[in-house]
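Protein chains: 2
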Amino acid sequence: MNPELLISTRTRKTPFSSRVAACGAKAYTVYNHMLLPAVFLSLEEDYWHLCEAVQVWDVSCQRQIEITGKDSQKLVQLMTPRDLSQAEYGQCFYAPLCDENGGMINDPIIIKHSEDHWWLSIADTDVMLWAMGLATGFSLDVQVSEVEIWPLAVQGPKAEELITRVFGEEIRKIRFFHSRKMNYDGNEFLVARSGWSKQGGFEIYVNDAELGVQLWDELFSKGVDLNVRAGCPNLIERVESGLLSFGGDMGYDNTPFECGLDQYVSLEADIESLSIDALRTRPVKTRL
Amino acid sequence: MNPELLISTRTRKTPFSSRVAACGAKAYTVYNHMLLPAVFLSLEEDYWHLCEAVQVWDVSCQRQIEITGKDSQKLVQLMTPRDLSQAEYGQCFYAPLCDENGGMINDPIIIKHSEDHWWLSIADTDVMLWAMGLATGFSLDVQVSEVEIWPLAVQGPKAEELITRVFGEEIRKIRFFHSRKMNYDGNEFLVARSGWSKQGGFEIYVNDAELGVQLWDELFSKGVDLNVRAGCPNLIERVESGLLSFGGDMGYDNTPFECGLDQYVSLEADIESLSIDALRTRPVKTRL
Numbered sequence: 055m056n057p058e059l060l061i062s063t064r065t066r067k068t069p070f071s072s073r074v075a076a077c078g079a080k081a082y083t084v085y086n087h088m089l090l091p092a093v094f095l096s097l098e099e100d101y102w103h104l105c106e107a108v109q110v111w112d113v114s115c116q117r118q119i120e121i122t123g124k125d126s127q128k129l130v131q132l133m134t135p136r137d138l139s140q141a142e143y144g145q146c147f148y149a150p151l152c153d154e155n156g157g158m159i160n161d162p163i164i165i166k167h168s169e170d171h172w173w174l175s176i177a178d179t180d181v182m183l184w185a186m187g188l189a190t191g192f193s194l195d196v197q198v199s200e201v202e203i204w205p206l207a208v209q210g211p212k213a214e215e216l217i218t219r220v221f222g223e224e225i226r227k228i229r230f231f232h233s234r235k236m237n238y239d240g241n242e243f244l245v246a247r248s249g250w251s252k253q254g255g256f257e258i259y260v261n262d263a264e265l266g267v268q269l270w271d272e273l274f275s276k277g278v279d280l281n282v283r284a285g286c287p288n289l290i291e292r293v294e295s296g297l298l299s300f301g302g303d304m305g306y307d308n309t310p311f312e313c314g315l316d317q318y319v320s321l322e323a324d325i326e327s328l329s330i331d332a333l334r335t336r337p338v339k340t341r342l
Numbered sequence: 055m056n057p058e059l060l061i062s063t064r065t066r067k068t069p070f071s072s073r074v075a076a077c078g079a080k081a082y083t084v085y086n087h088m089l090l091p092a093v094f095l096s097l098e099e100d101y102w103h104l105c106e107a108v109q110v111w112d113v114s115c116q117r118q119i120e121i122t123g124k125d126s127q128k129l130v131q132l133m134t135p136r137d138l139s140q141a142e143y144g145q146c147f148y149a150p151l152c153d154e155n156g157g158m159i160n161d162p163i164i165i166k167h168s169e170d171h172w173w174l175s176i177a178d179t180d181v182m183l184w185a186m187g188l189a190t191g192f193s194l195d196v197q198v199s200e201v202e203i204w205p206l207a208v209q210g211p212k213a214e215e216l217i218t219r220v221f222g223e224e225i226r227k228i229r230f231f232h233s234r235k236m237n238y239d240g241n242e243f244l245v246a247r248s249g250w251s252k253q254g255g256f257e258i259y260v261n262d263a264e265l266g267v268q269l270w271d272e273l274f275s276k277g278v279d280l281n282v283r284a285g286c287p288n289l290i291e292r293v294e295s296g297l298l299s300f301g302g303d304m305g306y307d308n309t310p311f312e313c314g315l316d317q318y319v320s321l322e323a324d325i326e327s328l329s330i331d332a333l334r335t336r337p338v339k340t341r342l
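Note that the protein sequences, when read in sequence, are chains A and B. Note that the first sequence covers residues 55 to 342 in the working numbering. Note that the second sequence covers residues 55 to 342 in the working numbering.
Following this line, the structure appears as C-alpha cells:
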C-alpha cells in the first residue's frame, strides 16, 4: 500500500487528469512538477496489455523547453555532445545534455523545428534553468521558455492502427524519430513516431487542451475493438527495453558513457559543445 | 480521498522517512525530487497542534545548493537583487532569485558561511542548474553542488523549550535568522532560528543521517510532556502567516514586487545583480 499524494497547485494537474482518473489510475508520481500516472491495474497487468494491445498515455509531464532566436542552434549544441549540425526539420534526437565536466544534466528528445526554433522534451529536472543560465552568461540571443504543450503517447503493437483511424493513412509515412504536423479538427498537432516504450507508437504534442481531450476521447471510441486502455510508462517494460530514467538510473554524477549512451556522443565531430573536450578524455565504456 | 503516490528512486526518501511513516504521515508531496510529508492527522488538527505545542518536521527536501570558490559571493549576488554585501557569517537571508527580466527563479534562504562558501536552501526548482549555467557562461571560479544535508525543523511555541533540552541553554542566544554551529554527540550541526511557520522555532541542518535519526528520537523522548508530534509545513498556518510557496502562489512569470517581496529587493544598493536594472524600471507594488 502506497501513501497518499496530496495534489497542490505546485504539483500540477494536466488537461487529461480527469480522464486519467476516470480510467482508474491507482497511483501517480510527480515529474517535472506535474502529475504522471504510474499504475492502472497493476504493473504486471499493465505490462502485458502494453505488449499486446494499445494504450493512451498522459505524458504531459514531458515538458517542452522551447528555445527560439538567432543563437538557438548554438545554445542547443552547447548543451549536448551529440552532433546536431545535420539535423533535419522535424527530426527527433535522443541526446544527453552534459556540463563541461561531462556530467549528465538530462536526457531529452531534442526536436528541431527550424534553425532558430527548437524543443527539448525533457526528463525530470528543470533544464530550462540551465539553458537560461547559459544564455545569460554567454550573452546569447535566445528566448528560453516552458511552453504549454501536453504530450499524449499512443503506445503498443496496435498503436499505428489506432492512430491511423484518427489521423488517416498519411501518418504511416512518419519514420521512426521523425515528426510531422498533422491536421486535427482545424488544428495542427505535431506527431512523432517515438515514445517511452519499445512496443512502437507515437507521441502527439497537444497544443490545445480542449482539442486534446476531444482527441483522447476519440482514440478511446475508435479503439474499442483494439482493446485500447489508458496506460503509462511501465517499469517492467522500460527496464526490459533498456530505457533509463534520469534521476533514477542515472544522475548528475554520471557520464553518458557510464549510462551506455556512447552512440549519442559525437566524439569525432567538429562541434562547439560544453562537454565534448571532457568526454574526449574519458574512456568510452565497452559494453558486453 | 487522495490518489496513491508511487515512491521511486527518482522521488527520494529521506533519512527520516521511516520515522515519519511511523508517526502516521497520511499524505506526501514531492518537493525537489524528495518526499515531503503533507498531513498527519488532518490539516485542521495539525494546525491547532502547531499553534499550541511543538512539532518536528522532516524538511529534508529543502535542499542545500552549495557554492564554493573564489567567485562565490559574486555568483550569489548576481542571482539575487537583495544586497548581500553586509552579510555576516552565519546570517540567513530570505531572498528572491531573479533573472535579467526581474522574473523570479526561486526564493531560498541564503546562508553565508564565509566569503567563498554559501548555501542556498531552496524552494521547489532545480536552482543548481541555473547557478551552474551562469557559472559556466560567466566563467566564474566556483563549484556548485547539491550537498547531503537534510534539514529538520522544530516549530511551535514550545520549540525553544524542547530544543534547549537537547542542545543546552546556549541555543537561546541565536537571534532570528541567524545560525550557529552546535555540538551534538561529537558532531556539529548548524542550527538557525528560522522555519516555514510563524510560530517560531529552529531549523537544524543535519549533515549526518545516523546522528540525525538519533536526534529525531531524542527530540521526541525529551518532548513527551510538551506534547511533541511529527508535523510538516501546514497550509492553513502558512497562508494565515503570509508565507508564499514558489511554484504554487508565485512562479517564473512574477516579479518580487508582485509577490509582495519589496523589502527583499535592494533597489538603491550598488550591487552587481542580474535583475537589478530591470527591477528598477518596474513599479514597486503599493500594498494596502
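All C-beta atoms in this analysis are idealised placements derived from N, C-alpha and C, irrespective of residue type, glycine included.
Which chain A residues are close to Gly302(B), counting only those with a beta carbon under 8 Å from its beta carbon?
Along the second sequence, one-based indexing puts residue 302(B) at 248. Identification of chain A residues near Gly302(B) by a Cβ-Cβ cut-off of 8 Å yields Ser62, Thr63 and Arg64, ordered along the chain.
Taking only the alpha-carbon atoms, compute the straight-line gap between Gly266(B) and Tyr238(B) and give it to the nearest angstrom.
In the second sequence, residue 266(B) corresponds to position 212, counting from 1. In the second sequence, residue 238(B) corresponds to position 184, counting from 1. A direct Cα-Cα distance of roughly 10 Å separates Gly266(B) from Tyr238(B).
Shorter than 8 Å from the beta carbon of Gly57(B) to some beta carbon of chain A?
If you number the second sequence from 1, residue 57(B) lands on position 3. Just to set this straight, residue 57(B) is Pro in the shown sequence, not Gly. When Cβ-Cβ separations below 8 Å define contact, Pro57(B) makes contact with chain A.
Where does the unbroken alpha helix (DSSP H) through His103(A) begin, and where does it stop?
For the purposes of this step, residue 103(A) is identified with residue 49 of the first sequence, where counting begins at 1. Residues Leu97 to Glu106.
How is Tyr82(B) classed by DSSP in three states: helix, strand or coil?
Taking the second sequence and counting its residues from 1, the one referred to as residue 82(B) is at position 28. DSSP, read as helix, strand or coil, puts Tyr82(B) in strand.
Where does Asp307(A) sit, in a helix, a strand or coil, going by DSSP?
Position 253 of the first sequence, counting from 1, holds the residue named residue 307(A). In the structure shown, Asp307(A) sits in coil (DSSP, three-state: anything other than H, G, I, E or B).
Using the Cβ count rule (16 or more neighbours within 10 Å means buried), how would you classify Arg247(A)?
The residue given as residue 247(A) occupies position 193 in the first sequence. It is buried - the Cβ of Arg247(A) has at least 16 other Cβ atoms within 10 Å.
Three or more C-beta pairs closer than 8 Å, one from the region 255-270 of chain B and one from the region 66-78 of chain B: is that the case here?
Contact holds: three or more Cβ-Cβ distances are below 8 Å.
Checking contacts by CB at 8 Å: is Met88(B) closer than that to chain A?
The residue given as residue 88(B) occupies position 34 in the second sequence. Chain A, which has no Cβ nearer than 8 Å to the Cβ of Met88(B), makes this no.
Roughly how many angstroms lie between the CA atoms of Tyr85(B) and Gly285(B), to the nearest whole one?
As a first step, residue 85(B) is located in the second sequence; it is residue number 31 there, counting from the start. As a first step, residue 285(B) is located in the second sequence; it is residue number 231 there, counting from the start. Roughly 16 Å separates the two Cα atoms.
Where Ser248(B) falls: helix, strand or coil (DSSP)
Here residue 248(B) corresponds to residue number 194 of the second sequence, with the count starting at 1. Reduced to three states, the DSSP call for Ser248(B) is coil.
Segments of 4+ residues assigned as alpha helix (DSSP H) that fall wholly inside the region 240-291 of chain B
As summarised for the region 240-291 of chain B, the continuous alpha helix (DSSP H) elements at least 4 residues long and confined to that stretch are 263-275, given in chain order.
Hey, out of Ala263(A), Leu89(A), Leu216(A) and Ala189(A), whose CA is closest to Lys124(A)'s CA?
Position 70 of the first sequence, counted from the first residue, corresponds to residue 124(A). Of the candidates Ala263(A), Leu89(A), Leu216(A) and Ala189(A), the one whose C-alpha sits nearest the C-alpha of Lys124(A) is Ala189(A).
Which one or two residues does DSSP pair with Thr122(A) in a beta bridge?
Residue mapping note: residue 122(A) aligns to position 68 of the first sequence, counting from 1. Note: Thr122(A) sits in a beta bridge opposite His171(A) and Gln197(A).
Under 8 Å, with one C-beta from each stretch per pair, do the region 274-284 of chain B and the region 94-110 of chain B reach the 3-pair mark?
Flag = yes, the region 274-284 of chain B and the region 94-110 of chain B touch.
Along chain A, which residues have their Cβ under 7 Å away from the Cβ of Glu202(B)?
The sequence position of residue 202(B) within the second sequence is 148, counting from 1. By Cβ distance, chain A contributes nothing, its closest Cβ being about 12 Å from Glu202(B), past 7 Å.
Measure the C-alpha to C-alpha separation of Asp303(A) and Thr63(B) and round it to an integer number of angstroms.
In the first sequence, the residue the question calls residue 303(A) occupies position 249. In the second sequence, the residue the question calls residue 63(B) occupies position 9. If you draw a straight line from the Cα of Asp303(A) to the Cα of Thr63(B), it comes to about 8 Å.
Please decide whether Thr134(B) counts as near chain A, where near means a Cβ-Cβ distance under 8 Å.
Looking up residue 134(B) in the second sequence gives position 80. Taking Cβ atoms only, chain A never reaches closer than 8 Å to Thr134(B), which makes this a no.
Taking 8 Å as the threshold, find out whether the region 324-332 of chain A comes into contact with the region 152-163 of chain A through three or more Cβ pairs.
Touching, yes, given that three or more Cβ pairs across the two stretches are closer than 8 Å.
Is Glu106(B) close to chain A, meaning its C-beta is less than 8 Å from at least one C-beta of that chain?
If you number the second sequence from 1, residue 106(B) lands on position 52. Taking Cβ atoms only, chain A never reaches closer than 8 Å to Glu106(B), which makes this a no.
Around the C-beta of Gly240(B), are 16 or more other C-beta atoms found within 10 angstroms, so that it is buried, or is it exposed?
The residue you call residue 240(B) lines up with position 186 of the second sequence. Exposed, because fewer than 16 other Cβ atoms sit within 10 Å of the Cβ of Gly240(B).
Quick test of your reading: Ala177(A) and Gly255(A), contact by CB under 8 Å. State the CB separation rounded to the nearest angstrom.
Residue mapping note: residue 177(A) aligns to position 123 of the first sequence, counting from 1. Residue mapping note: residue 255(A) aligns to position 201 of the first sequence, counting from 1. 18 Å between Cβ atoms; not a contact.
For Lys252(A), tell me which candidate among His167(A), Glu326(A) and Phe231(A) has the shortest Cα-Cα distance.
Within the first sequence, numbered from 1, the residue matching residue 252(A) stands at position 198. Per the Cα distances, Phe231(A).
Within a Cβ cutoff of 6 Å, which residues of the same chain sit near Asp137(A), ignoring the five residues on either side of it in sequence?
Position 83 of the first sequence, counted from the first residue, corresponds to residue 137(A). Counting only Cβ-Cβ distances below 6 Å, and skipping sequence neighbours, we find Ser320, Ala323 and Ile325.
Are the region 162-173 of chain B and the region 161-175 of chain A touching, with three or more C-beta to C-beta distances below 8 Å?
Taking 8 Å as the limit for Cβ pairs, the verdict is that the region 161-175 of chain A does not touch the region 162-173 of chain B.
Look up Asp180(B) in the DSSP assignment and give the residues it is bridged to.
Looking up residue 180(B) in the second sequence gives position 126. Beta-bridge pairing by DSSP links Asp180(B) to no other residue.
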